[in-house]
Amino acid sequence: MASILQTAAEAGCFNTLLAAVAAAELTSALEGEGPFTVFAPVDDAFAALPPGTVQTLVDNPAQLARILKYHVISGFLLQNEVISKQEWLSLEGAPIPIRRYSPFEVKNATVVKADIVCDNGVVHVIDRVILPG
3 MASILQTAAE AGCFNTLLAA VAAAELTSAL EGEGPFTVFA PVDDAFAALP
53 PGTVQTLVDN PAQLARILKY HVISGFLLQN EVISKQEWLS LEGAPIPIRR
103 YSPFEVKNAT VVKADIVCDN GVVHVIDRVI LPG
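Using our numbering, read the sequence shown as starting at 3 and increasing by one per residue.
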């Protein structure tokens with residue numbers, strides 16, 4: 003079974019996320035043992051941000067790392083477990099609100115595909131970049 007980052011690379015729709023993870027120097031962390039639950043924004047989610055936002059974040063690795071860590075929960079949580087609570091604490095430290103009914107939402111993002119199992123965690127694909135605060 004592939005890791006979270008290998009799975010994302012093979013999917014072909016997470017190129018911006020993978021570049022952001024590398025720019026924030028989080029690759030080795032997400033290749034680690036985990037387990038992690040990752041809410042992974044697709045490339046279109048990054049493209050929907052205001053012009054220049056991605057480059058501004060790449061130029062500020064600390065802020066980029068903070069935002070990326072907000073997309074991760076420690077542990078292996080399938081959809082039925084994620085929706086068991088109204089919020090989860092992200093690796094960034096801020097809570098991530100969960101909409102527990104259809105559609106399954108994470109903060110202001112809709113989960114478009116859930117429960118992609120990897121050897122070091124699980125990925126839930128989301129249609130927006132979520133921000134702490």
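All C-beta atoms in this analysis are idealised placements derived from N, C-alpha and C, irrespective of residue type, glycine included.
Could you give the C-beta distance for residue i and residue j, rounded to a whole number, given that I count them as a contact under 8 Å?
{"i": "residue 89", "j": "residue 100", "result": "6 Å"}
{"i": "residue 123", "j": "residue 36", "result": "4 Å"}
{"i": "residue 23", "j": "residue 70", "result": "6 Å"}
Could you work out which residue in the options is closest to residue i when comparing CA atoms only?
{"i": "residue 136", "options": "127, 87 and 14", "result": "One cannot answer for residue 136 here, as it falls past the ends of the chain, which runs 3 to 135."}
{"i": "residue 51", "options": "12, 5 and 18", "result": "18"}
{"i": "residue 92", "options": "112, 57, 26 and 67", "result": "67"}
{"i": "residue 30", "options": "8, 114 and 80", "result": "8"}
{"i": "residue 80", "options": "38, 111 and 94", "result": "38"}
{"i": "residue 61", "options": "25, 135, 128 and 20", "result": "25"}
{"i": "residue 120", "options": "77, 46, 15 and 135", "result": "77"}
{"i": "residue 116", "options": "20, 16, 46 and 42", "result": "42"}
{"i": "residue 128", "options": "96, 46 and 95", "result": "46"}
{"i": "residue 16", "options": "113, 94 and 48", "result": "48"}
Can the beta-carbon of residue i be found closer than 8 Å to that of residue j?
{"i": "residue 142", "j": "residue 109", "result": "Because the chain in this structure spans residues 3 to 135, residue 142 falls outside the shown range and cannot be described."}
{"i": "residue 73", "j": "residue 132", "result": "yes"}
{"i": "residue 33", "j": "residue 63", "result": "no"}
{"i": "residue 56", "j": "residue 125", "result": "no"}
Just grab the DSSP bridge partners of residue i for me.
{"i": "residue 48", "result": "Partner(s): none; residue 48 has no beta bridge."}
{"i": "residue 115", "result": "127"}
{"i": "residue 23", "result": "DSSP output for residue 23 lists no bridge partner at all."}
{"i": "residue 91", "result": "97"}
(request) Any chance you could list the beta strand (DSSP E) runs of at least 3 consecutive residues sitting entirely within the stretch 50-79, in chain order? (result) 74-76
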